[in-house]
Structures are given as C-alpha cells and as structure tokens.
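One structure is given here, and the rest of the page talks about it.
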Amino acid sequence: MPYQTLKGGRVPIRMWTDPATVEDQALDQLRNVSSLPWVEGLAVMPDVHYGKGATVGSVIAMRDAVSPAAVGVDIGCGMTAVRSSLTVEDMPDDLSGLRHRIERAVPVGRGSHKHAVDPSALPGLRERGWYDFWKAFEDLHPAVRSRFGRARSQMGTLGGGNHFLELCADDDGAIWLVLHSGSRNIGKELAEHHVEAARKLPHNQDLPDTDLAVFLSGTAKMEEYRRDLFWAQEYARRNRAVMIALAQNVVTQRFGEKRCTWGEVISCHHNYVAEEEYAGVELLVTRKGAIRAGQGDLGIIPGSMATGTYIVRGLGNESAYNSASHGAGRRMSRNKARKSFTVDDLVEQTKGVECRKDGGVLDEIPGAYKDLESVIEAQSDLVEVVAHLRQLICIKG
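Our numbering numbers the first residue of the sequence shown as 213 and each following residue consecutively.
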C-alpha cells in the first residue's frame with residue numbers, strides 16, 4: 213500500500229501503516245522528532261511501536277546532526293542469515309540434541325565465553341582486520357576503557373531479550389541459520405554515556421523531548437560520538453559473524469562436511485546511523501528498528517519465536533529513505549505480555565518448534581507481536597520477498 217502522511221512539525225510524517233493503529237505515545241514521539249530543527253525527513257515502518265528514547269520503526273534523516281537516543285542503546289543490533297545445503301529430510305525427529313550443542317557453542321543471556329574466541333580458527337573470519345579493530349578500542353571514550361576484557365569475552369555471544377539464534381527451513385525445505393543480536397554491553401555503555409552527554413548541551417535545553425538531544429556536526433562531541441558509534445556498529449557486525457560461524461561449525465560437525473555446505477551470508481543492521489545522500493544533500497540517517505532496503509539490498513525481517521522470517525530484497529524507495537521494517541514489531545509491552553499470557557499459551561503458540569517453553573521467555577510469546585504477514589504486505593513498495601523461513605529450533609537467553 214502507499215504510505216499515508218500525517219502533519220508533523222517541520223516535516224511531514226510518512227507512515228507505511230494505518231496511523232489509527234499506532235499508540236498515542238508513539239505518535240507523540242514521532243511528532244516530536246518531526247519538530248526538531250535539524251530534521252530533513254521522517255519515515256515510519258509498518259512495525260512501528262513506542263520505544264525508549266525514540267520510536268521503534270522510525271527512519272530519521274537529519275542534516276548536520278544526530279540523536280544518540282534515536283539510535284537506541286543496542287548500537288548496531290541487527291540480523292544475520294545463511295542458507296545451507298541441508299534439507300528438512302536431513303534433520304532428526306528430535307532436535308533437542310542439536311539445540312543444546314548450539315547453546316554450548318554460543319553463550320546466551322548474560323553469558324560470556326570463558327576464553328575469548330579466536331577468529332582465525334573460524335572459517336571466513338581469519339583475514340578481517342581483527343588486530344586493527346581491537347586496537348581501535350584504545351581510542352574509545354575513557355569511561356569504557358576498563359571493559360576491554362568483557363568486550364572480548366562477549367564477542368560471539370547472543371544476549372537476552374528479543375535476541376535469538378534459529379535453525380529454520382524455507383518453503384523449498386532448505387535449512388538456514390538465522391540470528392538477531394547486537395553490540396552487547398560495550399554498545400550499551402557507549403550509548404548511555406553519549407545520550408547523557410547530549411542532554412547536557414546548551415542547544416538541547418528547549419527541545420520538546422530531552423531524549424531527542426543531538427550532537428552537531430563540526431563539534432568535538434559529535435566526532436567523539438561518531439568514533440564510538442561506528443566502532444560499536446562494527447562490533448555488532450563482527451559479533452554476529454562470529455556467532456554464525458560458531459553455529460555453522462556445530463551443524464557441519466553434526467552432519468559432515470560432504471553433506472553440509474554454506475551459501476552467502478546475509479547481514480543487516482537495524483539500529484544504526486549511516487551517511488547517505490538524498491536529492492544532492494548529505495544526511496545522517498538513523499534507523500531504529502529499520503533496515504536499509506536500497507535497490508537490490510538483501511535484508512532479513514523476522515516475526516517472533518514461531519511465526520517465521522522473511523528474506524527480502526530492497527526496491528530502493530527513497531520516500532522511505534531506502535528502508536524497510538526490522539521485524540513484525542511488538543503489539544504489547546513485555547509487562548503486558550507477561551500479564552496477558554500463561555506458560556500454557558507459550559507451549560501452544562510455539563508448538564512444533566524446539567525452544568524454551570518457560571516463564572523466562574513468556575514476554576517473547578508470539579502473541580505479543582504484530583502479524584508478520586500484514587507487516588510484509590504493508591511494505592510491498594519497499595521490498596520484495598526472496599524466501600520465507602519457518603523455525604525448527606529457536607534459541608533465546
């Protein structure tokens with residue numbers, strides 16, 4: 213469907229969903245963003261919902277400014293997926309053993325590796341500039357310098373919340389690995405430091421929402437933020453690459469190298485900032501809960517624990533700043549989900565999926581999320597579907 217336009221402050225709000233279905237809190241956030249003096253445009257994805265700091269599912273284009281809270285605290289959070297040569301016919305009837313093998317290889321929740329992962333031991337990761345990447349840690353803000361050891365041990369770990377690692381099958385029966393994770397604790401600490409620093413700057417004191425405080429181009433604070441931001445985004449990308457490689461190793465060892473080979477790895481951020489040009493103007497585009505969907509870009513749009521995932525190809529719609537949704541999006545808060553559903557509901561809604569079925573993941577129950585099919589349909593002018601995947605195993609922290 214074409215987008216709808218709401219009246220904003222300085223710029224209109226272009227929405228790829230029915231505004232009547234969006235919470236008032238989220239609409240208030242979007243109106244505040246549209247009123248910022250630096251904003252050039254605002255696009256809203258069909259998975260939109262209220263978020264801490266800024267609206268999830270928002271694409272904010274600014275000139276000479278960026279808001280750290282609009283990026284979110286999980287800098288560089290995103291998705292990675294890879295297709296294998298295996299098929300559903302290769303899978304055992306009981307998938308619990310394979311699930312537990314992957315969980316032993318990839319720490320979840322607050323877990324870390326006992327010893328930092330050596331990328332040179334993982335296929336495809338050896339020559340990826342690891343020395344220079346870790347050397348750049350020395351240049352990050354002094355507030356996180358003591359976190360080097362923790363950042364090393366968390367490289368290749370999943371985290372908790374809505375992060376997941378899945379083994380899926382597409383409609384042709386091919387087996388995929390899919391994961392969702394970000395920059396772990398180091399990204400969170402960098403984000404929180406810069407959000408607080410931005411709030412204190414004089415030019416942000418009269419904003420309608422202090423969560424939308426910005427750094428301005430040409431200032432030392434902006435340069436410090438960009439340095440830390442882009443490093444954290446790279447950490448998140450590498451974190452996903454290590455996890456996918458670890459999971460690939462488990463699957464390959466289980467089925468054998470002759471039976472199991474791997475295709476192209478697809479990876480995309482959905483909480484990040486990019487420097488992009490539109491109508492001849494250099495802009496800083498913040499995607500919080502949105503992926504880049506430029507012409508031909510491959511992306512990943514998941515649903516929930518049991519509602520599948522779509523591999524998509526971008527159509528390059530500049531009205532949306534070449535973007536698409538990052539998932540189905542929540543339709544209720546975590547607290548409301550815990551109050552609205554029971555563990556029995558979780559068992560029923562995840563039937564056929566090898567996964568946790570306990571109160572610790574009740575807030576991630578499929579019923580807490582929007583309908584993925586409707587979200588995909590609402591952005592038919594942003595992406596085309598390449599493959600549809602369904603979960604066989606879902607691992608959560």
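The C-beta atom is built at its ideal place from N, Cα and C for all residues, glycine as well.
Spatial distance of residue i from residue j (CA atoms)
i    : j    : result
R546 : K264 : 13 Å
W346 : T233 : 45 Å
H261 : K608 : 22 Å
F553 : G572 : 12 Å
T299 : I605 : 14 Å
E315 : G323 : 11 Å
G368 : K219 : 44 Å
D575 : E585 : 21 Å
A266 : D421 : 10 Å
L441 : P304 : 43 Å
T464 : R362 : 29 Å
L495 : E488 : 5 Å
H327 : K433 : 35 Å
D259 : P514 : 11 Å
Q591 : A238 : 19 Å
E339 : S358 : 27 Å
D344 : F360 : 14 Å
P214 : P249 : 27 Å
Cross-strand partners of residue i (DSSP beta bridge)
i    : result
H261 : V268
T521 : P514, L601
E488 : L495
V294 : L389, V477
V256 : M227, S270
V595 : G526
M358 : Here residue 358 is Ser; the residue named in the question, Met, does not match the sequence. Answer is none; S358 lacks a bridge partner.
E566 : I605
Residue j beta carbon less than 8 Å from that of residue i
i    : j    : result
G269 : G541 : yes
L334 : A457 : yes
S535 : I503 : yes
R158 : V493 : Nothing about residue 158 can be read from this structure; the chain reaches only from 213 to 609.
V285 : E404 : yes
H375 : S395 : no
R525 : A580 : no
L424 : H353 : no
A273 : V597 : no
V426 : A444 : no
M257 : G501 : yes
N483 : V329 : no
G371 : I287 : no
P224 : H406 : no
I588 : V390 : no
A277 : L428 : yes
R466 : L310 : yes
V462 : A317 : yes
Q417 : N397 : no
Reduced DSSP secondary structure (H/G/I, E/B, other) of residue i
i    : result
K500 : strand
I287 : coil
W250 : coil
D236 : helix
Y581 : strand
Q216 : strand
V477 : strand
V454 : helix
D556 : helix
H415 : helix
L377 : strand
E401 : helix
T610 : This structure cannot speak to residue 610, because the chain is shown only from 213 to 609.
A277 : strand
T422 : helix
A536 : strand
E339 : coil
R542 : strand
E469 : coil
T431 : coil
T464 : helix
Residue closest to residue i, alpha-carbon to alpha-carbon, out of the options
i    : options                : result
A255 : K433, V597, R226       : R226
R499 : Q507, A486, G492       : A486
M291 : V454, D575, E489       : V454
S297 : C380, E585, S279, S429 : C380
E252 : P231, R222, Y484, S279 : R222
L337 : L584, N529, N451       : N451
R471 : P319, I387, G515       : I387
R602 : Y447, T562, G511       : T562
E436 : F349, A448, Q366       : F349
I577 : E566, D593, V555, V587 : V555
Y533 : D302, N244, V271, V245 : V271
A355 : E408, S246, G564       : E408
E570 : D557, G564, V477       : Note that residue 570 is Asp in the sequence shown here, rather than Glu. The shortest C-alpha separation from D570 is found at D557.
Residue-chain proximity (residue i, chain E), Cβ-Cβ < 8 Å
i    : result
D240 : Reference to chain E is not applicable here, since this structure consists of a single protein chain.
Contact test: residue i Cβ vs the ligand FAD heavy atom, cutoff 7 Å
i    : result
A232 : Absent from the structure shown: the ligand FAD. Ligands present: none.
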